[in-house]
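Following: one structure in structure tokens, then a few remarks.
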Amino acid sequence: MGKMAFLCDGDRCIECNACVTACKNENEVPWGINRRRVVTINDGLPDEKSLSVACMHCADAPCISVCPTNVIYSTADGVVLHDKDGCIGCGYCFYACPFGAPQYPQKGNFGSRGKMDKCTFCSGGPEETNSQAEFSKYGRNRVAEGKLPLCAEMCSTKALLAGDADVLSDIFRQRVVERGFGGGGSYGLTESRKART
Amino acid sequence: MIRVLMAAVFALLAVAAPAQADVRPPADAAVAVTSGQDIQPSLPSNLRSNPAAQLWQGIGDGTVGRVTIPDPQAGRLIQTGGMDWLEFRSEVIGFWGMVAVLGMLTGLTAFFMIRGRIKIDSGRSGRLIQRFKRIEVVGHWMTAVSFLALALTGLVMLYGRDLLLPLIGPAAFAGLARAGKYAHNFGGFVFMAGLAMIFVMWVRHNVWDRYDLNWILKGGGLLSKDHPPAEKFNFGQKTVFWMVILIGLALSLTGLNLLMPFWFTPDIETMQVVQLVHAGLGVGLFALMLAHIYIGSVGMESAFDAMSTGYVDINWAREHHSVWVDRHVSEQGEPPLAPPPGKGAGASAQPAE
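Quick note, the sequences are listed as chains A and B, same order.
For the first sequence, this note's numbering assigns the number 192 to the initial residue and increments by one for each residue that follows.
For the second sequence, this note's numbering assigns the number 934 to the initial residue and increments by one for each residue that follows.
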């Protein structure tokens, strides 16, 4: 069992948002919270690229370093989880996160932050595994059932991959070997060929 | 003349319009990216014409793409400022804040051991004059108490994880931190109200007057046991006033910004800077206020009376604010002998007015 990770293949993502829908449905994510989102760069241009991004479960997570109540932690699989009981909604994890993964409900005065919510790699949280408390606070715990996160399972083009980082890099390496770098036209194949000749 | 101007404007538009009609980037130009910053790709020449390399570097530099989420900020894939912010907060603000607070405490202790409590040289006369009206006392304590609550809860947020959490455990600390955050958020409004009151009441007493230069040159008599003349507030107090007003104003504005995230600022970089300014000024002002608290309580005999009862012994006033006393006495006469302090604040409080 190695480090768990996500990998979104920019050449395959078609912006169908199945991953977003799967996550919201499976984890009963409240309105306004976006654990996973799909971002489209250069929309409409020949080199349009879409990427699905949620928590990256960093090995050296800045959110863990900055949390003033120390409620964010990393599991043995490298999944970054947090304890909502201790979260004070200060927002510092959002300031630190390069990917904007932490999300907050508008609960406090002036609509300021309630307790932080984010992608859990479908691993639940510090409550008892598969209990009602765990589900209502953190969502489904699929990993405890031996399954992978639903976003990757539902991806229509297998752009989004989730699992052991070594396995993921191997899959991506095979894809690059098969299709070539810049394959699929999404990298502006004609232009990059011009540059090489 | 107008015709010439109109012709010039039309000519400019005619030139600009075709350029705008073609929105696709030229074959080997930099890929257009939209973000909060100017992108200057620093790629080697053999990659500069590779749109893929430019696209990925742009993403790393903060490209904002399109999302179906109503918040357009969600289109930002990567922000790298967070790492710098994190480091600055813990290495610079955390470290130097501790230096400032502990250094101030050390300095005050040393000053007390060397100089001792500043006594009234001519002893108490038993005659009291009113230094602060009730409204001034209320305004001061509103600001002071809320500031202490803000400072202590702020220190819990800055240092609590490292210093307090190991002592009281995660469950207790979580409760304390949560209560502290609410106290901090609501207390800020009390502080702002108090700050406004103080400014309105005392700003005209805190402008430079002709006794300030001499007071500065005599060092305020802090170490020399001299008694340079001063108005209602001496230069030291004026310094405290302006520090509290200006730093307090900065803290209020940054604090409001933090309380209502992204209401006034569009991007995360600005919010990070605002948070650093707030934390830095907060711990800095706390260190400065330790000196003010010292001199107003332990450091000087009869100083605390001024802000608790509002009345001071006339001998103390003559030694520290002679110009103010002389004007007060010439307007309202010499105060009568009042019962000595220790018979209760109420009993000693009523000179003839």
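All residues carry an ideal CB built from backbone N, CA and C; glycine is no exception.
These figures come from a predicted structure and were not determined experimentally.
Chain B contact for residue i (CB, 7 Å cutoff)
i: residue 200 of chain A; result: no
i: residue 251 of chain A; result: no
i: residue 197 of chain A; result: no
i: residue 165 of chain A; result: Since the first residue of chain A shown is 192 and the last is 388, residue 165 of chain A is not available in this structure.
i: residue 234 of chain A; result: yes
i: residue 261 of chain A; result: yes
i: residue 225 of chain A; result: yes
i: residue 228 of chain A; result: yes
i: residue 277 of chain A; result: yes
i: residue 303 of chain A; result: yes
i: residue 231 of chain A; result: yes
i: residue 257 of chain A; result: yes
Buried or exposed (CB count within 10 angstroms, at least 16 for buried), residue i
i: residue 1269 of chain B; result: exposed
i: residue 215 of chain A; result: buried
i: residue 1148 of chain B; result: buried
i: residue 227 of chain A; result: buried
i: residue 1252 of chain B; result: buried
i: residue 950 of chain B; result: Bear in mind that a pLDDT of 47 at residue 950 of chain B, under 50, signals an unreliable position, so the number given afterwards is only what the model happens to contain. Under this definition residue 950 of chain B is an exposed residue.
i: residue 1266 of chain B; result: exposed
i: residue 1009 of chain B; result: buried
i: residue 1258 of chain B; result: buried
i: residue 994 of chain B; result: buried
i: residue 1243 of chain B; result: buried
i: residue 260 of chain A; result: buried
Closer than 7 Å to chain A by CB, residue i
i: residue 1042 of chain B; result: no
i: residue 1007 of chain B; result: yes
i: residue 1239 of chain B; result: no
i: residue 1155 of chain B; result: no
i: residue 1279 of chain B; result: At residue 1279 of chain B, the pLDDT of 46 sits below 50, so the modelled position is not reliable and the matter cannot be decided from this model.
i: residue 1000 of chain B; result: yes
i: residue 1110 of chain B; result: yes
i: residue 969 of chain B; result: Note that residue 969 of chain B scores 41 on pLDDT, short of 50, meaning its location in the model is unreliable; the coordinates nonetheless yield the value given after this. Not closer than 7 Å to any Cβ of chain A, the Cβ of residue 969 of chain B fails to qualify, so no.
i: residue 996 of chain B; result: yes
Chain-ordered chain A contacts of residue i [CB-CB under 7 Å]
i: residue 1171 of chain B; result: What residue 1171 of chain B touches in chain A: nothing, since even the nearest Cβ is about 35 Å away.
i: residue 1106 of chain B; result: 260
i: residue 1018 of chain B; result: 286 and 287
Spatial neighbours of residue i in its chain, beta-carbon cut-off 6 Å, leaving aside the 5 residues before and after
i: residue 1198 of chain B; result: 1204
i: residue 247 of chain A; result: 290
i: residue 201 of chain A; result: 240 and 242
i: residue 273 of chain A; result: 262 and 263
Contacts that residue i makes with chain B (C-beta to C-beta distance below 9 Å)
i: residue 205 of chain A; result: Per Cβ cutoff of 9 Å: no residues; residue 205 of chain A is ~14 Å from chain B at best.
i: residue 288 of chain A; result: 1012 and 1015
Same chain only: Cβ atoms within 7 Å of residue i, ignoring 5 sequence neighbours per side
i: residue 1256 of chain B; result: 1144, 1162, 1163 and 1164
i: residue 309 of chain A; result: 226, 246, 292, 293 and 294
i: residue 999 of chain B; result: 1008
i: residue 1188 of chain B; result: 1121 and 1211
i: residue 233 of chain A; result: 239 and 240
i: residue 1367 of chain B; result: Residue numbering for chain B in the displayed model covers 934 to 1286; residue 1367 of chain B lies beyond these limits and cannot be assessed.
i: residue 1159 of chain B; result: 1151
i: residue 219 of chain A; result: 330
i: residue 357 of chain A; result: 193
Partner residues on chain B for residue i, Cβ-Cβ distance less than 8 Å
i: residue 221 of chain A; result: Chain B residues near residue 221 of chain A: none, gap ~14 Å exceeds 8 Å.
Heavy atom of the ligand SAH within 6 Å of residue i beta-carbon
i: residue 353 of chain A; result: Among the components modelled here there is no ligand, and therefore nothing to report on the ligand SAH.
Chain-order list of residues whose beta-carbon lies under 8 Å from that of residue i (same chain, five-residue window excluded)
i: residue 199 of chain A; result: 242, 243, 244, 350, 351 and 352
Proximal residues of chain B, C-beta to C-beta of residue i below 7 Å
i: residue 368 of chain A; result: In chain order: nothing, as chain B lies at least about 17 Å away.
i: residue 240 of chain A; result: 988
Residue i: contacting residues in chain A (beta-carbon distance under 8 Å)
i: residue 1094 of chain B; result: 258, 259, 260 and 261
Under 9 Å by beta carbon: chain A residues contacting residue i
i: residue 1201 of chain B; result: 285, 286 and 291
- request: Flag this pair as touching only if the region 1215 to 1226 of chain B and the region 1095 to 1108 of chain B have three or more C-beta atom pairs under 8 Å; answer yes or no.
  value: no
- request: Check whether the region 335 to 350 of chain A touches the region 206 to 224 of chain A, taking contact to mean three or more Cβ pairs, one atom from each stretch, closer than 8 Å.
  value: yes
message: Contact between the region 227 to 242 of chain A and the region 1062 to 1077 of chain B is defined here as three or more beta-carbon pairs at a separation below 8 Å; is this criterion met?
response: no
query: Touch check for the region 1038 to 1053 of chain B and the region 1224 to 1241 of chain B: three-plus C-beta pairs under 8 Å?
result: yes
- prompt: Is the region 1128 to 1146 of chain B in contact with the region 1172 to 1189 of chain B, if contact means three or more CB pairs nearer than 8 Å?
  reply: yes
- request: Kindly confirm or deny that the region 1102 to 1120 of chain B and the region 1148 to 1157 of chain B touch, where touching means at least three C-beta pairs closer than 8 Å.
  value: no
query: Is the region 281 to 289 of chain A touching the region 250 to 268 of chain A, taking contact as three or more C-beta pairs under 8 Å?
result: yes
- request: Mind the definition here: the region 1077 to 1095 of chain B touches the region 1022 to 1035 of chain B only if three or more C-beta pairs lie below 8 Å; say whether that holds.
  value: yes
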